[in-house]
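Below you'll find the structure, written out as structure tokens, and then a few comments.
There are 2 protein chains.
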Amino acid sequence: MAKLDKRDEIVRAALELIAEHGFHGAPMAMIAGRAGVGAGTIYRYFENKDVMITELFRELEERSYPLIKEGYAPDKPHRERFIHLNTALMHYFIGNPLDYRFIEQFFNSPYGVAHRRDKLFGTKEGCDVFKELFEEGISQQVMKDLPIVILFDLAFGPILGVARDHILGFIVLDDALIARTVEACWDAIKR
Amino acid sequence: MAKLDKRDEIVRAALELIAEHGFHGAPMAMIAGRAGVGAGTIYRYFENKDVMITELFRELEERSYPLIKEGYAPDKPHRERFIHLNTALMHYFIGNPLDYRFIEQFFNSPYGVAHRRDKLFGTKEGCDVFKELFEEGISQQVMKDLPIVILFDLAFGPILGVARDHILGFIVLDDALIARTVEACWDAIKR
DNA sequence: TAAAAAGGAATGAACGTTCATTCCGGAAGG
DNA sequence: CCTTCCGGAATGAACGTTCATTCCTTTTTA
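If you read the protein sequences in the order shown, they are chains A and B.
To convert, note that position 150 of the first sequence is 151 in the working numbering; the numbers rise steadily by one, no gaps.
To convert, note that position 7 of the second sequence is 8 in the working numbering; the numbers rise steadily by one, no gaps.
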């Protein structure tokens with residue numbers, strides 16, 4: 002097995018096990034076992050478990066951003082842009098349930114809180130399409146004049162919840178249902 | 002210290018520590034210490050940690066239900082009823098941040114998933130005002146004809162998120178902002 | 001004084017991490 | 001061309017720590 006393959010195997014195993022059992026239900030030994038690798042080998046690629054988890058999230062983010070922005074047209078009306086992004090997000094989640102479960106775990110943990118704080122107040126100017134869209138929507142009086150944070154919650158809270166309910170088998174989503182859910186989110190933020 | 006006081010102290014300490022540090026960051030020994038009680042004493046009141054956590058959640062639920070239903074008028078229009086309930090819920094959360102943080106932990110864990118499954122599909126007929134309100138709202142064509150689960154996510158997802166952001170200090174909520182957030186949730190579910 | 005409750009040290013399992021050792025592909029030497 | 005040697009990658013048993021739970025002693029209660 003080549004060097005990169007080994008790293009990939011570790012990352013894949015960690016994603017699977019953490020998505021399935023949570024951070025505390027996925028011991029390093031188990032991750033190593035699933036990756037077909039010695040326990041110590043993980044530490045040749047990652048300083049420790051925390052670093053591994055953070056890195057894993059970063060890679061997931063990098064992988065998903067292009068998927069969500071694919072076909073995004075910055076000159077279309079706000080409504081269409083919002084619906085495009087949120088629909089893509091939903092499709093990404095239900096098409097990649099492991100990614101979803103990992104991200105959910107990540108956000109509901111100290112890692113996620115720190116990350117959120119950075120995203121909201123951080124000086125690092127990320128190319129955050131969502132933030133841009135919302136700020137523009139407010140200033141052009143298309144969206145409700147609420148703090149950005151609240152718009153985020155109105156727009157994504159339901160998406161996360163519905164995706165989870167689908168993945169857990171509480172509902173079965175189809176394209177029509179996704180479209181209607183995303184429309185409902187738009188109703189929440191539109192003026 | 003009387004017997005009931007001791008139990009109360011344990012419950013209070015567990016709530017505080019779990020809310021602050023999560024399930025895994027609140028060892029039994031620490032809970033015992035905070036409660037001013039021996040480690041073994043906890044096991045005179047609760048069979049094990051899992052049972053203690055489940056019981057704690059049940060008590061929280063019992064305590065909060067009356068607060069939220071206080072002043073609820075089942076004969077008012079759906080819109081008013083919804084806004085009453087959601088506003089009360091939000092006030093409960095931001096007025097009892099420890100309760101909120103514990104409940105959040107609980108829902109984002111295997112405990113919570115089981116609980117949610119019971120609530121949605123369980124045969125046990127709880128006096129769930131929310132479910133009643135939504136079913137009535139759909140059949141009278143006041144609310145969108147979406148699966149109940151999705152209406153739940155549209156209505157409560159944002160509330161949970163906004164409450165968290167307030168408790169974490171990302172925003173400062175006042176009555177006006179709460180009212181406008183709850184209105185936005187109504188916009189999401191109304192027809 | 002007998003029974004019940006409380007206490008907290010002891011226990012054993014599970015975890016993240018380390019480190020002495022093994023393994024392996026290729027360079028050096030004959 | 002075969003053998004020996006070398007260095008870094010990989011390994012997994014072992015370590016120290018942490019935790020839930022138990023168990024036996026001490027204290028309180030009736």
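Beta carbons are placed, not taken as given, at the ideal position from N, Cα and C, and that holds for glycine.
Continuous alpha helix (DSSP H) stretch holding residue i: start and end
i, result
"B:Ile-32", "29 to 36"
"B:Asn-87", "79 to 96"
"A:Phe-153", "149 to 168"
"A:Arg-45", "43 to 46"
"B:Val-52", "50 to 70"
"B:Ala-177", "176 to 190"
"A:Ile-139", "130 to 140"
"A:Tyr-112", "111 to 122"
Where residue i meets chain A, residues with beta-carbon distance less than 7 angstroms
i, result
"B:Gly-162", "Asp-154, Gly-158"
"B:Val-114", "Leu-169"
Buried or exposed by the 16-neighbour rule on C-beta atoms within 10 Å, applied to residue i
i, result
"A:Asn-87", "buried"
"A:His-25", "exposed"
"A:Met-2", "Any answer about A:Met-2 is weak, because its pLDDT of 48 lies below 50 and its placement is not dependable; what the coordinates show is given next. Exposed, by the Cβ-count rule."
"A:Ala-74", "exposed"
"A:Val-163", "buried"
"B:Asp-166", "buried"
"A:Gly-170", "exposed"
"B:Ala-177", "exposed"
"B:Gln-141", "exposed"
"B:Lys-145", "buried"
"A:Arg-64", "exposed"
"B:Val-52", "exposed"
"A:Leu-147", "buried"
"B:Phe-131", "buried"
"B:Glu-133", "exposed"
"B:Arg-82", "buried"
Interface flag, residue i vs chain B, CB-CB below 7 angstroms
i, result
"A:Ala-185", "yes"
"A:Asp-166", "yes"
"A:Pro-148", "yes"
"A:His-25", "yes"
"A:Thr-182", "yes"
"A:Met-53", "no"
"A:Leu-174", "no"
"A:Leu-121", "yes"
"A:Ile-32", "no"
"A:Ile-151", "yes"
"A:Met-2", "Residue placement at A:Met-2 cannot be trusted, given a pLDDT of 48 that sits under 50; what the coordinates show is reported in the next sentence. Taking Cβ atoms only, chain B never reaches closer than 7 angstroms to A:Met-2, which makes this a no."
"A:Ala-15", "no"
Min CB distance residue i to chain A below 7 angstroms
i, result
"B:Leu-68", "no"
"B:Ile-19", "no"
"B:Phe-171", "yes"
"B:His-92", "no"
"B:His-22", "no"
"B:Asn-87", "no"
"B:Ile-179", "no"
Contacts of residue i in chain A (Cβ-Cβ under 8 angstroms)
i, result
"B:Ala-189", "Leu-155, Pro-159, Ala-185, Cys-186, Asp-188, Ala-189"
"B:Arg-132", "The sequence given here has Lys at residue 132 of chain B, not Arg. In chain order: nothing, as chain A lies at least about 14 angstroms away."
Assumed close pair residue i, residue j - CB separation to whole angstroms, cut-off 8 angstroms
i, j, result
"B:His-85", "B:Gly-96", "Contact doesn't hold; Cβ gap of about 16 angstroms is too wide."
"B:Arg-8", "B:Tyr-46", "5 angstroms"
"A:Leu-155", "A:Ala-189", "4 angstroms"
"A:Ala-20", "A:Ile-32", "12 angstroms between Cβ atoms; not a contact."
"A:Leu-90", "A:Leu-57", "A:Leu-90 to A:Leu-57, Cβ: 19 angstroms. No contact."
"B:Ala-36", "B:Met-29", "No, B:Ala-36 and B:Met-29 are not in contact; Cβ-Cβ is about 10 angstroms, not under 8 angstroms."
"A:Ile-43", "B:Val-150", "About 38 angstroms; that fails the 8 angstroms criterion."
Interface partners of residue i on chain B, CB under 8 angstroms
i, result
"A:Lys-145", "Arg-181, Ala-185"
Chain B residues whose Cβ lies nearer than 7 angstroms to that of residue i
i, result
"A:Asn-109", "Asn-109"
Residue i: CB within 6 angstroms of a non-hydrogen atom of the ligand COA
i, result
"B:Gln-141", "Summarising the ligand content, the structure contains no ligands, and the ligand COA is consequently not present."
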